[in-house]
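Worksheet: the structure to be examined is printed underneath.
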Amino acid sequence: MKRLAAVAALLSLAAVTACSSGNTPGKSSGGSGGGGVYTTIDGLRPGIDANAPINPFNPKGNAFRGYNSMWLAWTKNHLTDPNQFYPGIAESWEIAPDQSSITLRLQPGNKWSDGKPVTAEDVKVSIGLAYTQGGTAYALDPAAAGTASDIEVIDDKTIKITQSAENPSVTFVRGVMETIIVPAHVWGSLLPADFWDKLKTARGDGAQAEAARAEITGLAEKVISFAPAKDVSAGPFTLERVNPGEALLVKNRHFHNAANVAPDQVKLLHYAGNEQIWNYLIAGRLDNAPFTAVPAEVMKRIVRTPGNEVVKGYSPVGNALAFNQSRKPYDNVHVRRALAYLIDREQVTKVASPEGGIASVTTSGMHQKAAAEWLGDAFTTLEPYKADPAKAEEELKAAGMRKEGGKWAMPDGSPWKMTIHVPAPFSDWLAGAKSVASQLGDAGIEAEVVTTADYPLYLEELAAGKYDTGFWLVALGPAPYNIYQRLYGTPNGWQLFGGKLKHVAPGKEGNWMGGPETVEVDGEKINPGELAVKLNSAPEAEQKEIIGTLAKAANQDLPVIQMWDYVNTQFVNTSRFTGFPQAESDALRLTSGVWIQLGMIKKK
Amino acid sequence: MTAPIVVAGGSRATLRRNFWSGVWRVLRRKPSRMLGVVILIGFAFMGVAGPLLYPERLPRDDDALYAPPSWEHPFGTDFEGTDVLALVVTGSRYVLTTALVTAVITVVLGTAIGLFAGFRRGRWDSALMRITDMKLTVPALPLLLVLSTVWKFESAVEMGLVLGLLGWGGVARAVRAQTLSLRERGFVEAARGLGLPTAHIVGRELLPGMAPFIAMNMLIAVTGAVYAQVGLFFLGVLPFEADNWGVMLNLSVFGGGALTSTAALPYMMAPLLAILLLTLGIVLVVDAMDEIFNPRLREE
Numbered sequence: 001m002k003r004l005a006a007v008a009a010l011l012s013l014a015a016v017t018a019c020s021s022g023n024t025p026g027k028s029s030g031g032s033g034g035g036g037v038y039t040t041i042d043g044l045r046p047g048i049d050a051n052a053p054i055n056p057f058n059p060k061g062n063a064f065r066g067y068n069s070m071w072l073a074w075t076k077n078h079l080t081d082p083n084q085f086y087p088g089i090a091e092s093w094e095i096a097p098d099q100s101s102i103t104l105r106l107q108p109g110n111k112w113s114d115g116k117p118v119t120a121e122d123v124k125v126s127i128g129l130a131y132t133q134g135g136t137a138y139a140l141d142p143a144a145a146g147t148a149s150d151i152e153v154i155d156d157k158t159i160k161i162t163q164s165a166e167n168p169s170v171t172f173v174r175g176v177m178e179t180i181i182v183p184a185h186v187w188g189s190l191l192p193a194d195f196w197d198k199l200k201t202a203r204g205d206g207a208q209a210e211a212a213r214a215e216i217t218g219l220a221e222k223v224i225s226f227a228p229a230k231d232v233s234a235g236p237f238t239l240e241r242v243n244p245g246e247a248l249l250v251k252n253r254h255f256h257n258a259a260n261v262a263p264d265q266v267k268l269l270h271y272a273g274n275e276q277i278w279n280y281l282i283a284g285r286l287d288n289a290p291f292t293a294v295p296a297e298v299m300k301r302i303v304r305t306p307g308n309e310v311v312k313g314y315s316p317v318g319n320a321l322a323f324n325q326s327r328k329p330y331d332n333v334h335v336r337r338a339l340a341y342l343i344d345r346e347q348v349t350k351v352a353s354p355e356g357g358i359a360s361v362t363t364s365g366m367h368q369k370a371a372a373e374w375l376g377d378a379f380t381t382l383e384p385y386k387a388d389p390a391k392a393e394e395e396l397k398a399a400g401m402r403k404e405g406g407k408w409a410m411p412d413g414s415p416w417k418m419t420i421h422v423p424a425p426f427s428d429w430l431a432g433a434k435s436v437a438s439q440l441g442d443a444g445i446e447a448e449v450v451t452t453a454d455y456p457l458y459l460e461e462l463a464a465g466k467y468d469t470g471f472w473l474v475a476l477g478p479a480p481y482n483i484y485q486r487l488y489g490t491p492n493g494w495q496l497f498g499g500k501l502k503h504v505a506p507g508k509e510g511n512w513m514g515g516p517e518t519v520e521v522d523g524e525k526i527n528p529g530e531l532a533v534k535l536n537s538a539p540e541a542e543q544k545e546i547i548g549t550l551a552k553a554a555n556q557d558l559p560v561i562q563m564w565d566y567v568n569t570q571f572v573n574t575s576r577f578t579g580f581p582q583a584e585s586d587a588l589r590l591t592s593g594v595w596i597q598l599g600m601i602k603k604k
Numbered sequence: 001m002t003a004p005i006v007v008a009g010g011s012r013a014t015l016r017r018n019f020w021s022g023v024w025r026v027l028r029r030k031p032s033r034m035l036g037v038v039i040l041i042g043f044a045f046m047g048v049a050g051p052l053l054y055p056e057r058l059p060r061d062d063d064a065l066y067a068p069p070s071w072e073h074p075f076g077t078d079f080e081g082t083d084v085l086a087l088v089v090t091g092s093r094y095v096l097t098t099a100l101v102t103a104v105i106t107v108v109l110g111t112a113i114g115l116f117a118g119f120r121r122g123r124w125d126s127a128l129m130r131i132t133d134m135k136l137t138v139p140a141l142p143l144l145l146v147l148s149t150v151w152k153f154e155s156a157v158e159m160g161l162v163l164g165l166l167g168w169g170g171v172a173r174a175v176r177a178q179t180l181s182l183r184e185r186g187f188v189e190a191a192r193g194l195g196l197p198t199a200h201i202v203g204r205e206l207l208p209g210m211a212p213f214i215a216m217n218m219l220i221a222v223t224g225a226v227y228a229q230v231g232l233f234f235l236g237v238l239p240f241e242a243d244n245w246g247v248m249l250n251l252s253v254f255g256g257g258a259l260t261s262t263a264a265l266p267y268m269m270a271p272l273l274a275i276l277l278l279t280l281g282i283v284l285v286v287d288a289m290d291e292i293f294n295p296r297l298r299e300e
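Quick mapping for you: the protein sequence lines, in order, are chains A and B.
Residue numbers are given in UniProt numbering: position 339 of the first sequence equals residue 339, and the series is strictly consecutive.
Residue numbers are given in UniProt numbering: position 262 of the second sequence equals residue 262, and the series is strictly consecutive.
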């Protein structure tokens, strides 16, 4: 796994959320194209497993999002509003003003690839299957935030989903829209006949509810391992065949917008690392490659290939150096500020992610584009922490650190060696961490980079508080609630149980950042965790105010130092197809399959 | 197998003199062998004195990332603008120390176990060979990958120790086979008949006969250790050290795109060339050793 996998895996964390407004989707139209093979890769998983089932619930399953695996609607890449969608299985929707329910109307005339109509019953069964997997809108815990409490089939093409009033959340709408829809006539048998009664029981209290919850989650494995004999898809394509080198999908003639689906076939090529994608691109084989980190020289080589173009867009992810404040001297805000003044983020970005990132303007907890949108002029008033060794020295002295023989030591004179942890497979993080260590070394702070063999182990050790400092993804948007959960959520001690917030001691229950429970902003003590949770349900105006306070808190208190903000750098080839999303398009974080099904892609 | 050297009428010092003059003659016979020795001496010098030639913190040029080769930077610069040659030189100490420790442990342990098992035979032989067989069936790479999750191998000696402990099986088996063959020879029988102690029989009668095999195995273990550790660092499972050859290869390929574009190619080629040269030096010296220890080849 290389840089691509790093970001792809982490982008998928850019979880569900929401805030305002409904949507008035329009059905795409366009001239009819026809013919040709559209070649790409699936950026959501590393490589193709020919033996995996045709199952969208299986992480390795040969169901490809946007092609032969469908959501109710496709989330737009909006800077501030996570509740904007392109139509998917649903043609249109009405969201109650308080987001207490959503009524979905399915695409009229949409059929599964075997000719059977797509109905509200299919959606209901799919929701039942989603409950077995857990998930934002379908948690079995009745106290969980933003879960569905009632699913009502109004007619063949209309379904209403009501949010539990116990702990409503703005995450609900997006959670519903991102439901995977599968055919009831293929998958329905996985749910027991009394499933919906069991679900009702499970959402209650007591031993019976506990037993029902266990029974439903017990179905998870059965659902993940289910292997339909053939692909029955309501998407623009169905899986024709898959081998270790590629998956071949053919056009689904029953798809409601089939007339505007340009390619007859889609080929998804296997890859094991970024280098393979680079080579595909240089050979001009790919019509599109989703976010792929590339070194500057490789980028030049790729764009030399006729037809290849680079499209860049907003990516709500940032990279930061995070501190474990239960370890000295990182508990001292002056030390953290000194480090921020010593690190030249432009240089770090140049070394680590020249094509896939831009140096963070400052630390606000948000991607600079989202921050500018939410905060307006207030964003420019935040301390930018430009490289300034003199200020760093002042801060270190304020922290009581001592300089002996050109090297900084702890206040008691003992040596200070900063260890910066990164997962070994992420070469951009590794290069960035090395650049930070070198810069700190120049300033007399002994720093070394320590790698961990793989990412899951890295996260495990990080959560266990084994590291002093480490690279950490922040600004995972677009929902402000999710963004600030990275700084003032579980990793920093705030936990939400049954709608109640508690703060656990550093080093316990995943609190590895170990920051204080309250911080001072503009002379006033605030509890950032409490504010961050309010983002889950606050109206937009209040959200803006809270974000302003949290951005200041992050900027002054520096639980992390933001290094670079990611840029969604994609490649398209216009030799065979046209109509690709332009730079900064709100469709850039969706797969080519979604672009194709919306009728955007045309045969040249 | 040749008979062991019989001390007849000459002092040990004379024998030693004769040996070294023989070595010199063998080396001179083919210039390639001299080249091998020069290469190995060069690497030894690089490992011992190389890091002293550079400052503790290697200088960087922020504006010359992946700079092409020049007089100033014969192998260009890395992702941070550090001279690649300096990285190869300063990184050689870890690589060579690991290789040496691995080779010593492989050979000492393999020879001791093989000799003991072959000479004693019986239950000791069975027990030791079963252990050896078990060790040989354990796949080293997966084991190392698992070990690397719990052990950080921060020092070259630790790395060498692990590689050595994983690598002695083949040597033990081969030494045992040779011991079983030699112990039945007349000169060993004669030594036994003369009542010479076991230590003498093993040390003076058996071991010299196997010396060429053991010495060659030691050199080959050096190359094996270099490949193994560079491979592990390349896979990214061991701690990050910017001047480690394996880390350099990893970063040049996955971070710099050395297999796709030319910018990071010198960054990749430098550690590869170092490994290639070291292997070449060892192969050439092994060729010389073969002749030194094998009189029949010498006569030709």
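Note that the Cβ used here is the ideal one computed from N, Cα and C, for glycine as well.
1. For A:D287, is the classification buried or exposed, using 16 other Cβ atoms within 10 angstroms of its Cβ as the cut-off for buried?
2. Should A:V567 and A:I358 be called a contact, given that it needs their Cβ atoms to be closer than 7 Å?
3. Could you check what DSSP says for A:I95 in three-state terms: helix, strand or coil?
4. In chain B, which residues lie less than 7 Å from A:K434 when you measure between Cβ atoms?
5. For the segment 228-239 of chain B, list every residue whose C-beta sits within 7 Å of some C-beta in chain A, in sequence order.
6. If you check the beta carbons only, do A:Y467 and A:P528 fall under 7 Å apart?
7. Does the Cβ of A:T362 have 16 or more other Cβ atoms within 10 Å, making it buried, or fewer, making it exposed?
8. Quick one: which chain A residues come within Cβ less than 8 Å of B:V253?
9. What residues in its chain sit with their C-beta under 6 Å from that of B:T125, if we drop five residues either side in the sequence?
10. Compare the C-beta of A:S427 against all C-beta atoms of chain B and say whether one is closer than 7 Å.
11. Could you work out which residues of chain B lie near A:I282, taking near to mean beta carbons separated by less than 8 Å?
12. So, is the C-beta of A:Q347 closer than 7 Å to a C-beta in chain B?
13. Could you say which of A:F85, A:S364, A:N332, A:E215 lies nearest to A:N319 if we only look at CA atoms?
14. Pick from B:S261, B:L273, B:P266: whose alpha carbon is nearest that of A:V294?
15. Counting only beta-carbon atoms, is B:D287 nearer than 7 Å to chain A?
16. Would A:N243 be called buried (16 or more neighbouring beta carbons within 10 Å of its own) or exposed?
17. Taking A:S353 as the reference, give the member of A:F426, A:E383, A:T305, A:D377 with the closest Cα.
18. Which same chain residues end up closer than 8 Å to B:V285 when comparing Cβ atoms and leaving out the 5 residues on each side of it in sequence?
19. What are the residues in the segment 147-161 of chain B lying within 7 Å of chain A by C-beta distance?
20. Hey, A:L269 and A:I41: beta-carbon distance below 7 Å or not?
21. Determine whether the Cβ of A:G441 lies closer than 7 Å to any Cβ atom of chain B.
22. Does A:T363 come out as helix, strand or coil in the three-state DSSP assignment?
23. Of the choices A:R174, A:P581, A:V173, A:G218, whose alpha-carbon is the least far from that of A:F195?
24. Which of the three DSSP states, helix, strand or coil, is assigned to B:D83?
25. Can you tell me the Cα-Cα spacing of A:Q347 and A:V176, whole angstroms?
26. In chain order, what residues of the segment 551-568 of chain A put their CB closer than 9 Å to some CB of chain B?
27. Excluding sequence positions up to five away, which residues of its chain have a Cβ less than 6 Å from the Cβ of A:S29?
28. Tell me whether A:V449 is buried or exposed, calling it buried when 16 or more other Cβ atoms sit within 10 Å of its Cβ.
29. Between B:R93 and chain C, is any beta-carbon pair separated by less than 7 Å?
30. Does any residue of chain B have a CB that is nearer than 7 Å to the CB of A:R213?
31. Taking the alpha carbon of A:W112 as the reference point, which residue from A:K124, A:A130, A:N68, A:Y138 has its own alpha carbon closest?
32. Consider the Cβ of B:A140: report whether some Cβ of chain A lies at a distance smaller than 7 Å.
33. For A:K544, which residues of its own chain have a beta-carbon under 7 Å away from its beta-carbon, when the five flanking residues on both sides are left out?
34. So, helix, strand or coil for A:A211, using DSSP?
35. What is the DSSP secondary structure of A:W112, counted as helix, strand or coil?
36. For the beta strand (DSSP E) containing A:A247, name the first residue and the last one.
With the structure as the only source:
1. buried
2. yes
3. strand
4. E80, A242
5. G236, V237, P239
6. no
7. buried
8. E275
9. It should be pointed out that residue 125 of chain B corresponds to Asp in this sequence rather than to Thr. If we look at B:D125 and ignore the five residues flanking it on each side, its Cβ neighbours are A117.
10. yes
11. T260
12. It does: the Cβ of A:Q347 has a partner Cβ on chain B nearer than 7 Å.
13. Distance check between A:N319 and each of A:F85, A:S364, A:N332, A:E215 places A:S364 closest, using alpha-carbon atoms only.
14. B:S261
15. no
16. exposed
17. A:F426
18. R33, G36, V37, L40, L219
19. S148, T149
20. yes
21. yes
22. A:T363 falls in the coil class under three-state DSSP.
23. A:G218
24. Taken through DSSP and simplified to helix, strand or coil, B:D83 comes out as strand.
25. 42 Å
26. none
27. With a pLDDT of 35 at A:S29, under the threshold of 50, the modelled position of this residue cannot be trusted; read the value that follows with caution. Excluding positions up to five away in sequence, the list is empty.
28. buried
29. Absence of chain C from the displayed structure is noted, the protein chains being A and B.
30. no
31. For A:W112, the closest C-alpha among the options A:K124, A:A130, A:N68, A:Y138 is that of A:N68.
32. no
33. W374
34. Note: A:A211 maps to helix in three-state DSSP.
35. coil
36. 246-251
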